[in-house]
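Here the protein sequences come in this chain order: A and S.
Just so we're aligned: the first sequence equals residues 50 to 382 in the working numbering.
Just so we're aligned: the second sequence equals residues 50 to 382 in the working numbering.
Think of the CB as a built atom: it goes at the ideal place given N, C-alpha and C, for glycine as much as any other residue.
Because the structure is a prediction, the values reported are computed rather than measured.
Here is the structure we will look at, set down as structure tokens.
2 protein chains.
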Amino acid sequence: MIETPYLLFLGDAPDQLAAKVAQGIKDWRPENAVGQFRMDGCQADVRLPDMTLEEAKAAGARTLVIGVANRGGKISAAWREVLVAALEAGFDLASGLHNLLRDVPELAAAAQANGRSLHDVRVPSVEYPIANGVRRRGKRVLAVGTDCSVGKMYTGLALDAAMKARGMKSSFRATGQTGILITGEGIPLDAVIADFMAGSVEWLTPDNDEDHWDIIEGQGSLFHVSYSGVTMALIHGGQPDALILSHEPTRKTMRGLPDYALPSLEALRETALTMARVANPACEVIGVSVNTQALGEDEALAYLAQVERETGLPTVDPFRQGAARLADALERL
Amino acid sequence: MIETPYLLFLGDAPDQLAAKVAQGIKDWRPENAVGQFRMDGCQADVRLPDMTLEEAKAAGARTLVIGVANRGGKISAAWREVLVAALEAGFDLASGLHNLLRDVPELAAAAQANGRSLHDVRVPSVEYPIANGVRRRGKRVLAVGTDCSVGKMYTGLALDAAMKARGMKSSFRATGQTGILITGEGIPLDAVIADFMAGSVEWLTPDNDEDHWDIIEGQGSLFHVSYSGVTMALIHGGQPDALILSHEPTRKTMRGLPDYALPSLEALRETALTMARVANPACEVIGVSVNTQALGEDEALAYLAQVERETGLPTVDPFRQGAARLADALERL
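Here it is, written out as structure tokens:
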């Protein structure tokens, strides 16, 4: 667990997109961030107060989070200077970069000397159990996609916000690097050893109140041959009570697999539900979330209406419309 | 790749069952073993010549294989003495034990001093790629089970033997520790990191002659919530042309999951085929292999006939009957 609140490190981000992680924290957990730290030449701005390390410390920040994706995964010399200063000022560091903080000798030494923690969220820090399949109390919902990167994390975070807004009990359970940095905890599922994948999802979503919902962040797709095993472990380890189908309507082929067409929503519905009912016979598909970013407003609304007619399921773009109708569907369940 | 032939180390095995790995090598790759090495009190015997290290060396053995499962995973002091002597005599060591050879300081030192290799087949020694889903030349067959431990490895090895006996081109592709030790190579799939599972299976079964069959060792079950992700990666990474359904008819609940019933062969057939056709639209289920070990001969034959009637697929117990009818089915494909 990463200590909050954060100071968001934007470094020398070349553009706004490079600061995606920081933007996610600002959008979804604004209470977790007191400010942003930008270096000379930084082209990103997540509209938080610019702060020095000292100002952030005085504002209560505990952890400096690398909120920026760097080129080539390297931690540059310019960054290193700031990161060492942050450790010396009493901050922990957290990063989802491929290159690990702990592998940079200056950072390892400064963390040790100052008694601070380096959180490399790309690698598991827990010895997860093998899944035991025992039914757990409380409710769980999982988004499954026709493909990777179709908006499953966004759907989960939007659903969490919609549920909290109406006083439902919910927890967004992160299973990827960005989600972990946004919420401060979770499992880096794609880095877990095969035998322990489903067990790590059980560990992430333990017994809870009967009326509490874990919103499990989806990963991969049952139909994406590179990552389908990860998705399967989410479905069986998560034993969801509810599934949401996620889709991006302009995608022509599976991400990174030019020879593979996307499955239909109906094929996804049938296969995902069959597999989910192995772990939870009561599981239902409760709605569809569509990422209509690439469509104009009229086209998007027409597409959503069409999917809703065809599937008979509440169909929303959580970015355009919020996830209230998905929360409704969970309330009805 | 482990250098053959082997001397099989049976240690102080308390009974025959403890020497399962050695027995597997003797049964399936007798040409890989020149003899067995037994310590005082050893209660196992795989009916190979008993040899000293010197005798085995003279007979051409290159690797001492730990062919025995020990209690508690520890490498005892009595074993260590023999293993160090083997390294000094010029043998490599290979082991599938949970406790790694490389973690025993005396063995690591002796291997280094004598320029020998320690093969801990439980941990990957290769950086596998992420699966790319590109179609590969050659044919592949995979056994999928209604549960774990229903005879998928045995089915694969028996099929390999039956195909070679009739001059078909085939390779048994090991995906677990025992299979790796039997054949000298393979992938320890359950120890691979989630993102690389399917890629490791692609790596294991590369382009080959059009009339060559890779027989991919199955793992887990799509219906076993602890390990289904591993099975999924085999199906999508292996892109099989043919599936064999494997079953154990007296199993009441899923192995290690007392609350879970086994799926029907029909449910397995439908789900496995649906998922396999994502990667290979031409995939067919070609037969059923049943482990009838717990049934009497008459009962077993009656059960096999019944399954064959119900599924319309060639149904055999490869232990009782050999796998010739499965090889027939592949030849017809």
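Burial state of residue i, where buried means 16 or more other Cβ atoms lie within 10 Å
i, result
"A:T299", "exposed"
"S:S125", "exposed"
"S:G361", "exposed"
"A:G269", "buried"
"S:A143", "buried"
"S:K123", "exposed"
"A:M202", "buried"
"A:L174", "In the sequence as presented, Leu is not what sits at residue 174 of chain A; that position holds Ser. Burial call: exposed."
"A:V172", "exposed"
"S:V95", "buried"
"S:V183", "exposed"
"A:P154", "exposed"
Proximal residues of chain A, C-beta to C-beta of residue i below 8 Å
i, result
"S:T320", "T320, T323 and M324"
"S:Y309", "G182 and V327"
"S:D377", "Per Cβ cutoff of 8 Å: no residues; S:D377 is ~30 Å from chain A at best."
Whole-Å CB distance - residue i paired with residue j, under 8 Å assumed
i, j, result
"S:A243", "A:V279", "5 Å"
"A:S134", "A:L102", "Reading off the sequence shown, one finds Ala at residue 134 of chain A, where the question assumed Ser. Going by Cβ atoms, the distance from A:A134 to A:L102 rounds to 6 Å, so yes, they are a contact pair."
"A:G139", "A:N163", "7 Å"
"S:E259", "S:G187", "6 Å"
"S:T232", "S:A223", "5 Å"
"A:A247", "A:L292", "Not quite, the Cβ-Cβ distance comes to about 16 Å (not below 8 Å), so this is no contact."
"S:A325", "S:I284", "5 Å"
"S:E234", "S:M88", "With a Cβ gap of about 28 Å, S:E234 and S:M88 do not count as contacting."
Short CB-CB distance (under 9 Å) between residue i and chain S
i, result
"A:N148", "no"
"A:A240", "yes"
"A:Q85", "no"
"A:E65", "Checking the sequence shown, residue 65 of chain A turns out to be Gln, not Glu. No, no contact with chain S."
"A:D347", "no"
"A:I179", "yes"
"A:D244", "yes"
"A:P367", "no"
"A:M100", "no"
"A:M88", "no"
"A:P363", "no"
"A:P154", "no"
CB contact check: residue i to chain A, cutoff 9 Å
i, result
"S:F272", "yes"
"S:S275", "yes"
"S:P54", "no"
"S:M202", "no"
"S:L306", "yes"
"S:M212", "no"
"S:Q226", "no"
"S:P255", "no"
"S:P289", "no"
"S:P79", "no"
"S:M303", "yes"
"S:P298", "no"
Residue i and residue j closer than 9 Å at C-beta
i, j, result
"A:V114", "A:A159", "no"
"S:G286", "S:A180", "yes"
"S:V189", "S:D263", "Checking the displayed sequence, the identity of residue 189 of chain S turns out to be Arg instead of Val. Yes, Cβ-Cβ distance for S:R189 and S:D263 is below 9 Å."
"S:D377", "S:A349", "no"
"S:N340", "S:H296", "yes"
"S:A105", "S:L56", "yes"
"S:G109", "S:T227", "no"
"S:Q92", "S:F58", "no"
"A:L271", "A:I335", "no"
"A:I236", "A:Y177", "yes"
"S:F368", "S:A207", "yes"
"A:R185", "A:Q288", "yes"
"A:H261", "A:S198", "no"
"S:V327", "A:P307", "no"
"A:V383", "A:A82", "Any question about residue 383 of chain A goes unanswered here, given that chain A covers just 50 to 382."
"A:A310", "A:T302", "yes"
"A:A372", "A:S338", "yes"
"A:L238", "A:G145", "no"
"A:S275", "A:G305", "yes"
"S:L375", "S:T204", "yes"
Listed by chain order, chain S residues near residue i by CB distance under 7 Å
i, result
"A:H452", "This structure cannot speak to residue 452 of chain A, because chain A is shown only from 50 to 382."
"A:A281", "Going by the sequence as given, residue 281 of chain A is Met instead of Ala. Those within 7 Å of A:M281 in chain S are S277, G278 and M281."
"A:L292", "Correct list: empty, because the minimum Cβ distance to chain S is about 16 Å."
Partner residues on chain S for residue i, Cβ-Cβ distance less than 8 Å
i, result
"A:A247", "V274, S275, Y276, S277 and G278"
Proximal residues of chain A, C-beta to C-beta of residue i below 7 Å
i, result
"S:A223", "Simply none; closest approach about 15 Å."
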